[in-house]
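Per this note's numbering: the sequence shown ends with 723, consecutive numbering throughout. Backbone N, C-alpha and C define an ideal beta-carbon position, used for all residues, glycine too. Just so you know, these numbers come straight off a predicted model, no measurement behind them. Structure first, then comments.
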Amino acid sequence: MKILLTTQNSLTHLKMKTIKSLFYILPFFLFSCQEEMENNASLELEFIHKAGLENFEYEKIYQNEAGNEFSLRLWRTYISEIRLIKENNEAFAIQDSYHLIEPQNGNKFSLNLSQIPNGNYKSIEFYIGIAGEENLSGESIGDLDPSNNMAWNWTTGYKFVRMDGEFQDLEGNRRGVVVHIGTEANLKHQKFDFKNIKNISGEANKLSFELNLLEAFQNPNTINFEELSDFQFNNEADLIGENYAEGFVNLIE
Numbered sequence: 471m472k473i474l475l476t477t478q479n480s481l482t483h484l485k486m487k488t489i490k491s492l493f494y495i496l497p498f499f500l501f502s503c504q505e506e507m508e509n510n511a512s513l514e515l516e517f518i519h520k521a522g523l524e525n526f527e528y529e530k531i532y533q534n535e536a537g538n539e540f541s542l543r544l545w546r547t548y549i550s551e552i553r554l555i556k557e558n559n560e561a562f563a564i565q566d567s568y569h570l571i572e573p574q575n576g577n578k579f580s581l582n583l584s585q586i587p588n589g590n591y592k593s594i595e596f597y598i599g600i601a602g603e604e605n606l607s608g609e610s611i612g613d614l615d616p617s618n619n620m621a622w623n624w625t626t627g628y629k630f631v632r633m634d635g636e637f638q639d640l641e642g643n644r645r646g647v648v649v650h651i652g653t654e655a656n657l658k659h660q661k662f663d664f665k666n667i668k669n670i671s672g673e674a675n676k677l678s679f680e681l682n683l684l685e686a687f688q689n690p691n692t693i694n695f696e697e698l699s700d701f702q703f704n705n706e707a708d709l710i711g712e713n714y715a716e717g718f719v720n721l722i723e
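Next comes the structure, spelled out in structure tokens:
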């Protein structure tokens, strides 16, 4: 009985010591969390989908530079490896930044980034497409998920840009438009300098971009659907990759 009482007293004493330790540690933990929150910012990236000067709409008919009248029922774009460049050229990389952009709630899509160090920034950069080994790894990171219907079903890797729709040919027939662009050759780096140094701190920070559908089919290569309207793992697909390298995404701040 004496041994049992001694054991119970030891356990009680240990519990009291643990509670006291937590009592002293907790304020430091809460202070550390609060300090981290105060030193970090959030940032909204808004992507506005356009077709020329018009707001993009699914199933609406547009005309490309070659004169083809076409519409889309699906438009998705992957971006990855987002980095913010500070005024002193120090780069901050957003972890696991693999994001699938598509028109929602009209022609817009918003992406919210967090835990960005407060500071003065001069530019932002990212890739159109999936950069690095993650394109081939099959891991589910960020928006990398085969269930998004952006993975190739006959090889490894992801489609960087996907557009599905149809156009009316010269004989008046409706024919399919299939734009599925991937491969390392079509991974395109994008960098946007801010007009002025931008202080990003706290909340309510926002950057707005425009994605222009028509630029995928022009500048420098004019795409004519009468000649070809299926772009998947062919030389013509690389022409579209060249087109979206510049002018397809623009920062409007």
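How is residue i classed by DSSP in three states: helix, strand or coil?
i: leucine 657; result: coil
i: isoleucine 600; result: coil
i: glycine 711; result: helix
i: phenylalanine 687; result: helix
i: glutamate 514; result: strand
i: glutamate 539; result: strand
i: asparagine 582; result: strand
i: proline 573; result: coil
i: leucine 606; result: helix
i: glutamate 595; result: strand
i: leucine 721; result: strand
i: asparagine 559; result: coil
i: asparagine 694; result: coil
i: asparagine 525; result: strand
i: glycine 618; result: Correcting the residue identity first, residue 618 is asparagine in this sequence and not glycine. Asparagine 618: helix per DSSP, three-state reduction.
i: asparagine 704; result: coil
i: asparagine 590; result: strand
i: glutamate 505; result: Confidence at glutamate 505 is low in this model, with a pLDDT of 45, below 50, so its placement is unreliable and the value that follows should be read with caution. Of the three classes helix, strand and coil, the one that applies to glutamate 505 here is helix, per DSSP.
Rounded to the nearest angstrom, how far is the Cβ of residue i from that of residue j, given a contact under 8 Å?
i: leucine 657; j: glycine 599; result: 4 Å
i: asparagine 666; j: leucine 513; result: No, asparagine 666 and leucine 513 are not in contact; Cβ-Cβ is about 16 Å, not under 8 Å.
i: glycine 642; j: leucine 542; result: That belief does not hold up - the Cβ atoms of glycine 642 and leucine 542 are roughly 20 Å apart, past 8 Å.
i: isoleucine 710; j: alanine 686; result: 6 Å
i: isoleucine 670; j: isoleucine 564; result: Between isoleucine 564 and isoleucine 670 the Cβ distance is about 12 Å, and since that is not below 8 Å, they are no contact.
i: glutamate 696; j: asparagine 538; result: 7 Å
i: leucine 570; j: aspartate 613; result: 4 Å
i: glutamate 712; j: lysine 520; result: 20 Å between Cβ atoms; not a contact.
i: arginine 546; j: glutamate 572; result: 5 Å
i: phenylalanine 540; j: valine 647; result: 6 Å
i: glutamate 557; j: asparagine 590; result: 4 Å
i: tyrosine 548; j: tyrosine 568; result: 7 Å
i: leucine 684; j: tyrosine 532; result: 7 Å
Strictly by DSSP, which residues pair up with residue i?
i: lysine 520; result: Asn525 and Asn682
i: glutamine 533; result: Glu539
i: serine 550; result: Tyr568 and Tyr597
Quick check: does the Cβ of residue i come within less than 6 Å of any heavy atom belonging to the ligand FMN?
i: glutamine 660; result: This structure lacks the ligand FMN; in fact it carries no ligand of any kind.
**Request:** Determine contact between the stretch 608-619 and the stretch 688-701, defined as no fewer than three beta-carbon pairs at a distance below 8 Å.
**Result:** Flag = no, the stretch 608-619 and the stretch 688-701 do not touch.
**Prompt:** Counting Cβ pairs closer than 8 Å, one from the stretch 642-661 and one from the stretch 702-709, do we hit at least three?
**Reply:** Touching, yes.
**Item:** At least 3 beta-carbon pairs within less than 8 Å: the stretch 553-571 vs the stretch 583-596
**Value:** With three or more CB-CB distances shorter than 8 Å, the stretch 553-571 counts as touching the stretch 583-596.
**Request:** At 3 residues or longer, and completely inside the stretch 622-683: list those beta strand (DSSP E) runs for me, N to C.
**Result:** With a minimum length of 3 residues, the continuous beta strand (DSSP E) runs that stay inside the stretch 622-683 are 631-638, 644-651, 658-670 and 676-682.
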